[in-house]
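Structure, as structure tokens:
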Amino acid sequence: ETGVTQTPRHLVMGMTNKKSLKCEQHLGHNAMYWYKQSAKKPLELMFVYNFKEQTENNSVPSRFSPECPNSSHLFLHLHTLQPEDSALYLCASSQEADYEQYFGPGTRLTVT
Amino acid sequence: EDQVTQSPEALRLQEGESSSLNCSYTVSGLRGLFWYRQDPGKGPEFLFTLYSAGEEKEKERLKATLTKKESFLHITAPKPEDSATYLCAVQANDYKLSFGAGTTVTVRA
């Protein structure tokens, strides 16, 4: 595996379900990010982890819970989501916080 | 608040018809400006980083330039495979990264 991988690629969940998104980077980077991408809107930064420590939580609702067990893995735990949470969720990594970011392919989430 | 505005929203070009995309920004101290390309159903792919006014970067048919208030992405003699959404992002001195909504480019053969 190379670059940034994300699983699953597609996810359909009900509002009462609990699911997790997984991201893994094979680039030896120290920073990892979660973004939300909705149609016709700019990418919204959700969370930033630098050396496994959360350095930014961009006013994200508590129904989204990130976890970064090591510098290569990042999870986004989801529970009691709303239909408006349906979007493409992108993971990215960078060497340091001020370097260019490399993105995974995303998870297309649909909340029914 | 940092703001990034990209124009136009959509651009339709004939193969070989050169054009430019605009990214205007207001930021509290620019650390860097990034250009990405995004194909449908995929994550953004890094193209360029620009750090200071006057800087230029080139890659194949793409050339990015930077002034104190905006950046341009010039596409010279585009081909159908250049069709994609091009995203601009600015990073402020506090390391926050703000993205524009993108310009969707369609190149017809």
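Chains A and B supply the protein sequences, listed in that same order. Counting the first sequence from 1 gives a position; my numbering is that position plus 965. Counting the second sequence from 1 gives a position; my numbering is that position plus 130. Beta carbons: idealized from backbone N, C-alpha and C, even for Gly.
For residue i, count the other beta carbons within 10 Å of its own beta carbon; 16 or more makes it buried, fewer makes it exposed. Which is it?
| i | result |
| --- | --- |
| P1048 (chain A) | exposed |
| D129 (chain B) | Only positions 131 to 239 of chain B appear in the structure, and residue 129 (chain B) is not among them; the question remains open. |
| L151 (chain B) | buried |
| L992 (chain A) | exposed |
| V977 (chain A) | exposed |
| Q144 (chain B) | exposed |
Leaving out five residues on either side along the sequence, give the residues of the same chain with a beta carbon under 8 Å from the beta carbon of residue i.
| i | result |
| --- | --- |
| E175 (chain B) | Y166, R167, Q168, D169 |
| L1008 (chain A) | Y1000, K1001, Q1002, L1055 |
| L191 (chain B) | With the sequence shown as reference, residue 191 (chain B) is identified as Arg, and Leu is not the correct amino acid for it. The answer, listed in chain order, is I205, T206, A207, P208, K209, D212. |
Check the Cβ of residue i against every Cβ in chain D and list those closer than 8 Å, keeping chain order.
| i | result |
| --- | --- |
| A1062 (chain A) | In the structure shown, chain D cannot be found, because the protein chains are A and B. |
Taking only three categories from DSSP, how would you classify residue i?
| i | result |
| --- | --- |
| E175 (chain B) | strand |
| E188 (chain B) | strand |
| E211 (chain B) | helix |
| S183 (chain B) | Before going on, a small fix: residue 183 (chain B) reads as Ala here, not Ser. Coil. |
| V157 (chain B) | coil |
| R142 (chain B) | strand |
| E200 (chain B) | strand |
| T206 (chain B) | coil |
| A219 (chain B) | strand |
| A194 (chain B) | strand |
| R1073 (chain A) | strand |
Go through its chain and collect everything with a Cβ distance to residue i's Cβ below 6 Å, but skip five positions before and after it.
| i | result |
| --- | --- |
| F164 (chain B) | T179, A219 |
| Y155 (chain B) | V134, V220 |
| L227 (chain B) | A219, Q221 |
| S1030 (chain A) | H1042 |
| G146 (chain B) | A207 |
| T234 (chain B) | A140, T215 |
| Q1066 (chain A) | A1057, S1059 |
| S137 (chain B) | N152 |
| M997 (chain A) | Y1014, L1039, S1058 |
| L1053 (chain A) | Q1002, G1071, R1073 |
| K983 (chain A) | H1044 |
| T1077 (chain A) | G979 |
Between residue i and the rest of its own chain, which residues show a CB-CB distance below 7 Å, the 5 nearest in sequence each way excluded?
| i | result |
| --- | --- |
| M1011 (chain A) | W999, Y1000, K1001, N1023, V1025, F1029 |
Any beta strand (DSSP E) of 3 or more consecutive residues that is wholly inside the region 985-1069 of chain A: 996-1002, 1009-1015, 1018-1022, 1029-1035, 1038-1044, 1052-1059
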